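Peer 1:
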Amino acid sequence: MAKIKLSKKSSRIDMTAMCDMAFLLLSFFIMTATAKVPEALPVDTPASTVQTKLPEENLATLTIGKEKVFFGVTGREVRSETLGRMGEKYGVKFSEADKKKFALLDGFGVDIRQMKQLIDMKNEDRMREGTQPGVPYDSINNQLADWVKISREVTKDLDGKDLDIAIKGDAKEEYPTVKKVLDILQKQNKNNFFLVTGLRSDDF
Amino acid sequence: MAELNTGDGGGKKGGGKVRSKKSNPSVDLTAMVDLAFLLITFFILTTTLSKPQSMNLAMPDEPKIDDPVPPETPAWRTLTLVLGSGDKLVWYSGRTDGPPLDGPVVSGYGKTGVRDLILNKKAGVDAKNKADGADLEKSGITIIIKPSKKSNYKNLVDILDEMAITKVKKYAIVDITDADIKFLEDNKIY
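Line by line, the protein sequences give chains V and W.
So for the first sequence, full-length UniProt numbering puts the first residue at 1; every next one is plus one.
So for the second sequence, full-length UniProt numbering puts the first residue at 1; every next one is plus one.
1. At a Cβ threshold of 7 Å, is Leu144 (chain V) touching chain W?
2. For a test of the three-state rule: what should DSSP assign to Pro176 (chain V), helix, strand or coil?
3. Note down the Cα distance separating Lys93 (chain V) from Met21 (chain V), rounded to an integer number of angstroms.
4. Per DSSP, what kind of secondary structure is Leu59 (chain V) in: helix, strand or coil?
5. Out of V:Ser27, V:Ser48, V:Glu67 and V:Phe28, which one is the CA nearest neighbour of Glu173 (chain V)?
6. Who are the neighbours of residue 202 (chain W) on chain V, taking C-beta pairs under 7 Å?
7. Closer than 7 Å, CB to CB, is Gly65 (chain V) near chain W or not?
8. Please list the terminal residues of the continuous alpha helix (DSSP H) segment that includes Trp147 (chain V).
9. Report yes or no: is there a C-beta of chain W within less than 7 Å of the C-beta of Asn191 (chain V)?
10. Would you mind telling me which residues of chain W sit closer than 7 Å to Phe29 (chain V), beta carbon to beta carbon, in chain order?
11. Using the rule of at least 16 other Cβ atoms within 10 Å of the residue's Cβ for burial, across every protein chain shown, is Arg79 (chain V) buried or exposed?
12. Ala179 (chain W) CB to nearest chain V CB: under 7 Å?
13. Comparing C-alpha positions only, which one of W:Gly103, W:Asp175, W:Ile159 and W:Ile176 sits nearest to Val168 (chain W)?
14. Take Thr61 (chain V) as the anchor and find which of V:Lys100, V:Ile165 and V:Asp159 has the nearest alpha-carbon.
15. Is the beta carbon of Ile150 (chain V) sitting closer than 7 Å to the one on Thr63 (chain V)?
16. If you run the structure through DSSP and keep just helix, strand and coil, what is Gly110 (chain W)?
17. Within the continuous beta strand (DSSP E) that includes Leu83 (chain W), where are the two ends?
18. What's the call for Arg152 (chain V), buried or exposed, on a 16-neighbour Cβ count within 10 Å?
19. Using beta carbons (cut-off 7 Å, strictly below), is Pro71 (chain V) in contact with chain W?
20. Could you work out which residues of chain V lie near Ile145 (chain W), taking near to mean beta carbons separated by less than 8 Å?
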């Protein structure tokens with residue numbers, strides 16, 4: 001009977017290729033992942049089981065928290081054009097440099113007359129809590145309605161699309177504030193919008 | 001490959017001492033691969049999960065002056081949820097200008113709260129519609145949501161979520177009336 005020859009190769013597997021690939025994938029994911037941007041008004045969104053994704057473009061976000069409302073819109077051209085038209089309406093002049101800097105802001109919450117100071121501020125000062133008092137939205141001075149209206153017009157002019165509106169409210173926010181914002185949108189016949197929520201498991 | 005050339009044979013050149021042959025010092029990559037895959041998993045999971053979720057909400061058009069008056073929904077087909085303070089709500093069905101058909105009763109949110117009630121009411125309305133031969137799609141249950149000043153945004157989202165879970169097709173957010181506030185006050189959640 002012939003003896004079975006045991007091969008003397010070592011049982012180690014060469015993992016170099018695997019390691020290479022793993023790190024390649026890792027670097028890919030790190031680079032594509034979007035870094036979390038600091039928010040001007042941090043809110044804790046309520047959770048829901050509905051999982052519709054938010055659109056990533058053509059979106060204006062109204063952030064509601066502590067009875068303040070912050071406004072933000074996606075797209076740099078839309079931002080600077082909106083600022084220009086808002087300035088015209090309220091009689092505030094903005095230079096091209098101002099508009100360029102404003103286009104980098106994700107959200108803001110100041111009166112249009114204080115916008116210049118906000119633009120000139122340093123980034124860390126701007127994000128400090130309490131610096132921005134919120135966009136005025138009462139019936140006498142309803143700048144929020146104008147921001148929404150003008151940004152919708154600008155989107156229509158630039159892209160020919162209707163701007164989507166997302167409402168990002170704090171879970172603890174009392175209903176009257178939310179109601180005021182909903183009323184502003186309804187008055188402009190914007191009846192369909194997104195409520196930003198967190199994720200909740202199905203057995204809620 | 002992850003092995004180092006130890007240059008065997010090179011030592012014999014001098015003709016001096018014979019060195020023992022060193023074993024091939026290959027580097028163990030297992031731990032490194034483990035770590036890399038762990039990080040990959042982490043990044044894959046966080047990038048997809050951190051996309052914000054959202055829920056659609058459609059409100060009715062502002063009524064215009066020359067619009068025809070919309071047809072009234074029969075009282076037995078409605079269920080009103082009045083959102084009060086302290087994460088509690090009051091429900092009733094029917095109208096408030098007399099005693100309601102059912103209720104008013106205090107309840108909580110979620111699975112242990114108002115869910116069974118909504119499902120029961122929905123099944124009841126559907127059964128009656130079937131018996132009457134009415135169109136199930138058109139004349140299903142109508143839920144009226146009335147958030148009070150003391151309720152918060154989370155309550156509203158919870159109730160809208162409840163509509164999605166129980167698959168109620170017709171619901172509306174309506175302004176609160178004095179009669180509804182009285183129900184809340186009677187139950188001490190206003």
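Glycine included, every Cβ here is placed at the ideal spot set by N, Cα and C.
These numbers were taken from a predicted model, which means no experiment stands behind them.
Peer 2: In short:
1. no
2. helix
3. 54 Å
4. strand
5. V:Glu67
6. Here chain W covers residues 1 to 190 and nothing more, so residue 202 (chain W) does not appear.
7. no
8. Gln143 to Asp159
9. yes
10. Ile40, Phe43, Ile44 and Thr47
11. buried
12. no
13. W:Ile159
14. V:Ile165
15. no
16. coil
17. Thr78 to Leu83
18. buried
19. Here residue 71 (chain V) turns out to be Phe, not Pro, going by the sequence shown. Not an interface residue.
20. Here the premise fails: no neighbours, minimum Cβ distance about 11 Å.
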